[in-house]
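In UniProt numbering, the protein residues as written are 1 to 786.
Have a look at the structure below before the remarks.
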């Protein structure tokens, strides 16, 4: 779990917003260089340029989370000054190099940079589309030779930002001893600058260096320079992504305001559902990018895990490319949609939308576009297939496994290896990769195994019998279970009721019900939906009338998953018809063995009896089974829906589908097809960003922080990503994409239809995705159409 001080980050964000509000960036014409030196020193005075520089090097040492908050606000305000180009890249590079012994130049440059008295660019790129410093050295690269106590530089650097108007550049140069880093002063004889305007009006330049002589003191570093440049570029991409997130959020906020005031056909544009849904989808891309950035920063820096186990270069490149690809897409889609929804005025310079769009075009292309980063991600990310480390993972049925340990302190590789050994040793082989929900009599043995092991409730606190896994370890548990093909046991008591009782139940209720959930003695089903109360859950009519110490329940519940196997049901009942419909609902726990309960299984289109209708005819339930106060069930219901949507947003289903796609693709030789691998890389990014978003929300839930409305976006993205993956699996399975759902592809290990069919149902559960978009548009974006 992240150890970031969220309150401090918000204070920094508020301070940045206040600073930027003192000058309306959008009303100021960008200068040719994009740098107002007086304002640049003001930026330095408020600490932005020193924010990410370690204290040991004279900076503030506030870290990249804080820097990202500032850059996002700069993106919102359309700050013309090149904060990332001159305030992040140069600082990150200078902080990472191993300076030449005895030289004070690095420290001097950092001191001047932090003070705002010297503006420095980084000149590293040599060809178009280059992502890493060393990948294109050659004809156009800068070479260096030593001559009589000086160095002579020759060559060219391209797409240098900032361009004209800086004091100097950090320049990489190749020599006989490898790549070195120099500081090249602007105006050095032999240096020619060719400036060109970016889409947003700022300037970049190409540097031509012909026999430029620099003193020996200009040499900054000669060891591990390329690694330092690549690291600086990736942190720069993360901050660049923060800027794109900021501009996307602001342009969408401006568009919402416009739609609420602009009338056509006698009503506000905000009342048109098609426009509402398009805006929600654009916001979803932005929130995916924001959560992906947050997850990347948690992985790379500012957290205990990142300090004790620093990520390797490959991990850094993977997360940086993932974030840049998503942020580029989000900013371009948001600003493009804003132009469309503003109509003709959006296509003019008179409207701020055009400035956001041009800025998005610049940022999305600089430091690698979305396609390039998608390809880098696809090349570097691990194959999600099950590992084949048979030497380390043994099928030893007698092996002993720890019931308790400090799971979160255990190295992740060790934790995953332990899980793999456990699954190999304990999980029934004949139940691997089953593509449908198993009934209790089929899976109860595995449930009991996990219960005896103490691993049945990974997310529950230890004091209630859980493993207390951090979100990162929960993700690892989910991923390893999916890789091995572990079926989902009846878990509504574990993932839904348990957390509700822990938060809202009484001590007596926790003592009565939690042990039964852990042991498997009690199997729980959910009783929410009714024939006329699906997505409109507050319309429920199943009634509970108080009669002494009991409540008498009469009515019907439907779409209750595997309720035919359940011993108990947690349900919503109407206990007051005289008040607003949300106010007269209570949360009740019912023993399904009670007289008056009857059940009718419902067969799905896959041929599986997955759901049930449950009927209640004068069923008496002790009032002690009421969770929370009478008529206060709606608040609990919303919390439970939050847990349900968090669970529905789990990446486990998408990860499993992705794993099956790889299995079929290998068998058919599709991994050598560029068109297929590009599509696959896009879906892998979708799944990775889903995982990042889930991890951020799981972190919030575990920390006891309220889950925000964006949780609905998680549910939408998870289910629709699962559906897209299922569609690709059907496509590449060819004829097997149309066989009976339980017939496996090839060797039988892949059920091509299952992910797609299961995803169809998931887009309906917990409130259909269309209803989720409606609610989000009205309640969060404020598109009420009033």
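Just so it is clear, CB atoms sit at the ideal spot from N, CA and C, and this is done for glycine as well.
Inter-residue distance for residue 624 and residue 549 is about 8 Å (C-alpha atoms, whole angstroms). In the structure shown, residue 547 falls within a strand segment according to DSSP collapsed to helix, strand and coil. In this structure residue 73 is not in contact with residue 22, their Cβ atoms being roughly 13 Å apart against a cut-off of 8 Å. The segment 618-636 and the segment 674-694 do not touch, with fewer than 3 CB-CB distances between them shorter than 8 Å. When rounded, the separation of the alpha-carbon atoms in residue 120 and residue 218 is 14 Å. Partner residues in the beta bridge of residue 612, as assigned by DSSP, are 601. Listed in chain order, the non-local C-beta contacts of residue 525 below 7 Å within the same chain comprise 492, 560, 561, 562, 563, 566 and 569, local neighbours out to five positions each way being set aside. Apart from the 5 residues on each side of it in sequence, residue 599 sits with its Cβ closer than 8 Å to the Cβ of 563, 564, 592, 612, 613, 614 and 615 in its chain, given in chain order. As DSSP reads the structure, residue 568 sits in a beta bridge with 524 and 591. Taking C-alpha positions only, residue 782 is separated from residue 15 by approximately 26 Å. Ranked by Cα distance from residue 536, the first of 605, 768 and 507 is 768. In summary, residue 724 is buried, with 16 or more beta-carbon neighbours lying within 10 Å of its beta-carbon over all protein chains present. If you draw a straight line from the Cα of residue 289 to the Cα of residue 241, it is about 8 Å long. The segment 113-194 contains, as complete beta strand (DSSP E) runs of 3+ residues, the segments 120-123, 143-147, 150-160, 168-175 and 178-185 (chain order). Judged by their CB atoms, residue 191 and residue 170 are not nearer to each other than the 8 Å cut-off. The three-state reading of DSSP puts residue 349 in coil, since its state is none of H, G, I, E or B. The C-alpha of residue 534 is placed about 34 Å away from the C-alpha of residue 254. Counting along the chain, residue 12 sits inside no beta strand (DSSP E); it lies in the alpha helix (DSSP H) bounded by residues 6-21. Of the candidates 134, 442 and 283, 134 places its Cα closest to the Cα of residue 225. Uninterrupted beta strand (DSSP E) stretches at least 3 residues long and entirely within the segment 244-301 do not occur. Beta-bridge pairing by DSSP links residue 209 to 155 and 191. Put simply, the backbone Cα of residue 757 is about 21 Å away from that of residue 646.
When the beta-carbon positions are compared, residue 730 and residue 670 stay at least 8 Å from each other. The alpha-carbon separation between residue 713 and residue 362 amounts to approximately 28 Å. Leaving aside the five residues that flank residue 435 on each side, the residues in its chain whose CB is nearer than 6 Å to its CB run, in chain order, 751 and 754.
By the neighbour-count criterion, in which a residue is buried when 16 or more other Cβ atoms sit within 10 angstroms of its Cβ, residue 555 is buried.
Residue 173 places its beta carbon less than 8 Å from that of residue 142.
Residue 338 is positioned such that its CB atom lies closer than 8 Å to that of residue 356.
Counting the other Cβ atoms within 10 Å of the Cβ of residue 159 gives 16 or more, which makes it buried. With a beta-carbon spacing of about 16 Å, residue 466 and residue 476 fall beyond the 8 Å limit used to define contacts. Around the beta carbon of residue 210, fewer than 16 other beta carbons lie within 10 angstroms, which makes this residue exposed. Going by C-alpha positions, residue 333 is about 29 Å away from residue 195. Going by beta carbons, residue 448 and residue 484 fall outside the 8 Å limit. As DSSP reads the structure, residue 580 sits in no beta bridge. Cα atoms of residue 166 and residue 248: separation of roughly 28 Å, rounded to the nearest angstrom. Counting C-beta pairs with one atom in each stretch, the segment 629-639 and the segment 573-591 have three or more that are closer than 8 Å, which means they touch.
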